[in-house]
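2 protein chains.
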Amino acid sequence: MSETFPSKAAEHPRPTMIDVARRAGVGLGTVSRVVNGGHGVRDETARRVRAAIDELGFQRNEVARALRPGKKSTSLALVLGDLTNPFYASIAKASLEVAGQSGYAVVLGSVDEDPEGEKRAIQELVSRQVAGLMIVPDQGDHAFLQGAGVPVVFVDRPATGIDADIVMIDNEGGGRIAAEHLLAQGHRRIAILLAPSYYTIGRRLRGFRRAHRAAGVEVDETLVVQLPEGNAEAAEKATREVMLRADAPTAIFASTNFLAEGVLRALGVLRALGELGQEPAVVGFDDFRLADMLPTPVTVVASDTAELGRSAARLLLDRASGTDTRPPQRIVLPCALIERGSGERPPGSAADRTTG
Amino acid sequence: MSETFPSKAAEHPRPTMIDVARRAGVGLGTVSRVVNGGHGVRDETARRVRAAIDELGFQRNEVARALRPGKKSTSLALVLGDLTNPFYASIAKASLEVAGQSGYAVVLGSVDEDPEGEKRAIQELVSRQVAGLMIVPDQGDHAFLQGAGVPVVFVDRPATGIDADIVMIDNEGGGRIAAEHLLAQGHRRIAILLAPSYYTIGRRLRGFRRAHRAAGVEVDETLVVQLPEGNAEAAEKATREVMLRADAPTAIFASTNFLAEGVLRALGVLRALGELGQEPAVVGFDDFRLADMLPTPVTVVASDTAELGRSAARLLLDRASGTDTRPPQRIVLPCALIERGSGERPPGSAADRTTG
Numbered sequence: 001m002s003e004t005f006p007s008k009a010a011e012h013p014r015p016t017m018i019d020v021a022r023r024a025g026v027g028l029g030t031v032s033r034v035v036n037g038g039h040g041v042r043d044e045t046a047r048r049v050r051a052a053i054d055e056l057g058f059q060r061n062e063v064a065r066a067l068r069p070g071k072k073s074t075s076l077a078l079v080l081g082d083l084t085n086p087f088y089a090s091i092a093k094a095s096l097e098v099a100g101q102s103g104y105a106v107v108l109g110s111v112d113e114d115p116e117g118e119k120r121a122i123q124e125l126v127s128r129q130v131a132g133l134m135i136v137p138d139q140g141d142h143a144f145l146q147g148a149g150v151p152v153v154f155v156d157r158p159a160t161g162i163d164a165d166i167v168m169i170d171n172e173g174g175g176r177i178a179a180e181h182l183l184a185q186g187h188r189r190i191a192i193l194l195a196p197s198y199y200t201i202g203r204r205l206r207g208f209r210r211a212h213r214a215a216g217v218e219v220d221e222t223l224v225v226q227l228p229e230g231n232a233e234a235a236e237k238a239t240r241e242v243m244l245r246a247d248a249p250t251a252i253f254a255s256t257n258f259l260a261e262g263v264l265r266a267l268g269v270l271r272a273l274g275e276l277g278q279e280p281a282v283v284g285f286d287d288f289r290l291a292d293m294l295p296t297p298v299t300v301v302a303s304d305t306a307e308l309g310r311s312a313a314r315l316l317l318d319r320a321s322g323t324d325t326r327p328p329q330r331i332v333l334p335c336a337l338i339e340r341g342s343g344e345r346p347p348g349s350a351a352d353r354t355t356g
Numbered sequence: 001m002s003e004t005f006p007s008k009a010a011e012h013p014r015p016t017m018i019d020v021a022r023r024a025g026v027g028l029g030t031v032s033r034v035v036n037g038g039h040g041v042r043d044e045t046a047r048r049v050r051a052a053i054d055e056l057g058f059q060r061n062e063v064a065r066a067l068r069p070g071k072k073s074t075s076l077a078l079v080l081g082d083l084t085n086p087f088y089a090s091i092a093k094a095s096l097e098v099a100g101q102s103g104y105a106v107v108l109g110s111v112d113e114d115p116e117g118e119k120r121a122i123q124e125l126v127s128r129q130v131a132g133l134m135i136v137p138d139q140g141d142h143a144f145l146q147g148a149g150v151p152v153v154f155v156d157r158p159a160t161g162i163d164a165d166i167v168m169i170d171n172e173g174g175g176r177i178a179a180e181h182l183l184a185q186g187h188r189r190i191a192i193l194l195a196p197s198y199y200t201i202g203r204r205l206r207g208f209r210r211a212h213r214a215a216g217v218e219v220d221e222t223l224v225v226q227l228p229e230g231n232a233e234a235a236e237k238a239t240r241e242v243m244l245r246a247d248a249p250t251a252i253f254a255s256t257n258f259l260a261e262g263v264l265r266a267l268g269v270l271r272a273l274g275e276l277g278q279e280p281a282v283v284g285f286d287d288f289r290l291a292d293m294l295p296t297p298v299t300v301v302a303s304d305t306a307e308l309g310r311s312a313a314r315l316l317l318d319r320a321s322g323t324d325t326r327p328p329q330r331i332v333l334p335c336a337l338i339e340r341g342s343g344e345r346p347p348g349s350a351a352d353r354t355t356g
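Residue numbers (UniProt numbering), protein chains in the order written: chain A, 1 to 356; chain B, 1 to 356.
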């Protein structure tokens, strides 16, 4: 390969450590040792490495900075839940982009909603000397981060036990506009399905209650359904149960994207079995791919999840570089309703004949 | 916070660097310096750090290994495309899990199908001295990796210019079973939509052609549609065009999940406008969330994308640790057809009256 090297080097403008190593015919570790003082490297080898650095037009200290260990980390850590949840994937993608633009890599810790696993993952990442942490926190105390000595930005949910930056969406506002929308169409019995006790879900419920209060409508507490798990299966089961009651709700507010999927699955089954007396209005929280292509396109409360990731990464980079020394900030992004059909059904709609 | 520390330490069995730093009342950098010889640390401080290490039951060399720079990296790099594509998210999640079980972190490089960006990202990650690389390669020569001195496992597609491990799915077999399925139902005019010239797409087309040849059916080359881009919009446009031809196909094979979405959108629009003469059968490649909930549930060729990520991470860890010294391996995972309805329409089906 070495014959083709010069043309290759000309191809890409910013040569890297690998180029130096290949040019000098040594490993990366040798380049590192030469740049950091040359201990344990033969003179002839060190000369070759220095020549390669010069020929490639590198700044010596640029190489040194990149290789000298323990100095000025250029990695950020991102700790979040299941990447196959589009909500997390979108945050990860956006923060990666922003970090990359500033020359930072992102080390990922994905934890499946398990507080102990999260704590281990965070401590692991801190011991890797990242320049900062972005965390979508699980429940549980995050006071242990107080002594870590790295800036932390929480995403989507605040943590307890530590006063740090947080970038989140207006959950209460989102819950409020969902309920307002359904109330405005005359719904008076609106079920709300709640994933296990996250901060975000609690705020969405609070907004839901506020809208009812403002409209002078009492919330039927038997329609406030606390699910044992936050997945589609749990929502499907709960929807079946609530829709088979004599006093079934005329509308359902699903407080996450996965729960909305479960609601729609349950309604599809009941419809197919002819057991759905009337078609409830459905509003979801968080938009999802293909929501507009389902048999009845799904109305959702949406927010800019990519912007959550971007804002968090920008803030963290400013904290890490020391350019932002303000006290902990709270950035709140707005929510908006996207009307697509499922949320616009009036009370007492006949069940759709087509199965879905 | 320090009063509550002992109970905290008891809580989690594996204390970390942060615990040592907090116990000693110093920063992580100080712990690092003490463990690596104690240069530039006052005796009293060094004593406190060593006492903390002892009290927490740490092995000195365990701390040293975690903090001594340049030694035995415990990070893997993963370079792949857009994380909001569920295919990539699934690979990322699975490889993260496997790496995590072995105490490895994963540094992520996400590149949006841009060969130059990919090259920069890879070189960046190599210079961070990761123990190995998992790469879902873009087009372009990867010979530059030959000199990098780290093990590389390619995922989903082989790279050119380098002989390395590859974990992939049976693309040709997948293309073949999609076409066989449609041919078996009497389809003779089957359009295939192709994303830009990836290796995987080429193999799917090859399988598509083989199935035709085996059935004695000639492929109409005007129905082999090479798209300018790999997104739903390009597929939507192409589907509209091909379905409005006098000799429209009776079936469509979409060679990726995003293309399948575009096909379905185009059919929905044509149906709503009353411009769809007959309803084509549709088969997609790669399963996607909610495929079973669309107005006509979507038949797809599916593979275990999580297993792609898991296999790649396992192989890479074995290469990095030196326990696997075989020549470069090629692991091929099977594909299977999931019949849901859209792929089982016979030729000449009347257009569905409901809009979707």
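A virtual CB, placed ideally from N, CA and C, is assigned to each residue, including glycine.
{"Asked": "Taking Cβ-Cβ distances below 8 Å as the criterion, which residues of the region 117 to 128 of chain B are in contact with chain A?", "Found": "Lys119, Arg120, Ala121, Gln123, Glu124, Leu125, Val126, Ser127 and Arg128"}
{"Asked": "By DSSP's criteria, methionine 293/B is part of a beta bridge. Which residues make up the other side?", "Found": "Methionine 293/B pairs with nothing; no bridge assigned."}
{"Asked": "With respect to the beta strand (DSSP E) encompassing valine 219/B, which residues constitute its N-terminal and C-terminal limits?", "Found": "First-last for valine 219/B: undefined, no H or E at that position."}
{"Asked": "From alanine 313/B to glutamate 307/B, what distance separates their C-alpha atoms?", "Found": "10 Å"}
{"Asked": "Does the region 175 to 188 of chain A come close enough to the region 205 to 221 of chain A that 3 or more CB-CB pairs lie under 8 Å?", "Found": "yes"}
{"Asked": "Please confirm whether valine 106/B and valine 107/A have their CB atoms less than 8 Å apart.", "Found": "yes"}
{"Asked": "Could you work out which residue in Asp287/B, Ser321/B and Val225/B is closest to arginine 340/B when comparing CA atoms only?", "Found": "Asp287/B"}
{"Asked": "Going by Cα to Cα distance, which pick from Leu315/B, Thr323/B, Thr325/B and Ala350/B is closest to methionine 134/B?", "Found": "Leu315/B"}
{"Asked": "What residues from chain B crowd round aspartate 82/A, counting only those whose CB sits closer than 8 Å?", "Found": "Lys93"}
{"Asked": "Can you find the residues in the same chain that come closer than 7 Å, C-beta to C-beta, to aspartate 304/B, ignoring five residues on each side of it along the sequence?", "Found": "Leu333"}
{"Asked": "Can you tell me the Cβ-Cβ gap for leucine 193/A and valine 263/A, rounded? I've got them flagged as a contact below 8 Å.", "Found": "7 Å"}
{"Asked": "Where does the unbroken alpha helix (DSSP H) through glycine 175/B begin, and where does it stop?", "Found": "171 to 184"}
{"Asked": "Sorted by chain position, which residues of the same chain lie with C-beta nearer than 7 Å to glutamine 146/A's C-beta, five sequence neighbours on each side aside?", "Found": "Ile162"}
{"Asked": "Using 8 Å as the limit for Cβ to Cβ distance, is leucine 290/B near chain A?", "Found": "yes"}
{"Asked": "When Cβ atoms are compared, which residues of the region 254 to 265 of chain A fall closer than 9 Å to chain B?", "Found": "Glu261, Leu264 and Arg265"}
{"Asked": "Between the region 151 to 161 of chain A and the region 121 to 139 of chain A, do at least 3 Cβ pairs fall closer than 8 Å?", "Found": "yes"}
{"Asked": "Consider the Cβ of arginine 22/B: report whether some Cβ of chain A lies at a distance smaller than 8 Å.", "Found": "yes"}
{"Asked": "Do valine 111/A and glycine 81/A have their C-beta atoms closer together than 8 Å?", "Found": "yes"}
{"Asked": "Answer yes or no: does any C-beta atom of chain D fall closer than 8 Å to that of glycine 140/B?", "Found": "You won't find chain D in this structure, because its protein chains are A and B."}
{"Asked": "Is the Cβ of leucine 223/A closer than 8 Å to any Cβ of chain B?", "Found": "no"}
{"Asked": "Proline 228/A to alanine 234/A, Cα distance in whole Å?", "Found": "7 Å"}
{"Asked": "Pull the bridge partners of phenylalanine 253/B from the DSSP assignment, please.", "Found": "Ile192/B and Val283/B"}
{"Asked": "Show which residues of chain A have a CB atom less than 9 Å away from the CB atom of leucine 56/B.", "Found": "Correct list: empty, because the minimum Cβ distance to chain A is about 13 Å."}
{"Asked": "According to a CB-to-CB cut-off of less than 9 Å, which residues of the region 155 to 177 of chain B neighbour chain A?", "Found": "Gly161"}
{"Asked": "In chain A, what lies closer than 7 Å to glycine 27/B by C-beta?", "Found": "Gly149"}
{"Asked": "Name the chain B residues whose beta carbon is nearer than 7 Å to that of glycine 322/A?", "Found": "Residues of chain B passing the Cβ test: none, with the nearest at roughly 15 Å."}
{"Asked": "Ignore the nearest five residues each way along the sequence and tell me which others in leucine 317/A's own chain have a CB closer than 6 Å to its CB.", "Found": "Ser102"}
{"Asked": "Please confirm if leucine 276/A has its CB atom under 8 Å from at least one CB of chain B.", "Found": "no"}
{"Asked": "Assign alanine 94/B to one of three DSSP states: helix, strand, or coil.", "Found": "helix"}
{"Asked": "At a CB-CB cut-off below 7 Å, which residues of chain B make contact with serine 110/A?", "Found": "Lys93 and Leu96"}
{"Asked": "What residue from Gly230/A, Glu44/A, Val49/A and Leu76/A has the CA that sits closest to alanine 99/A's CA?", "Found": "Leu76/A"}
{"Asked": "What residue from Val79/B, Ile91/B and Leu78/B has the CA that sits closest to leucine 83/A's CA?", "Found": "Ile91/B"}
{"Asked": "Can you list, in chain order, the residues of its chain whose CB lies under 6 Å from that of valine 283/B, leaving out five sequence neighbours each side?", "Found": "Ala178, Phe253, Thr299 and Gly343"}
{"Asked": "For the alpha helix (DSSP H) that serine 311/A lies in, which residues bound it at each end?", "Found": "305 to 321"}
{"Asked": "Are glutamate 116/B and valine 79/B close, meaning C-beta to C-beta below 8 Å?", "Found": "no"}
{"Asked": "Taking only three categories from DSSP, how would you classify tyrosine 199/A?", "Found": "helix"}
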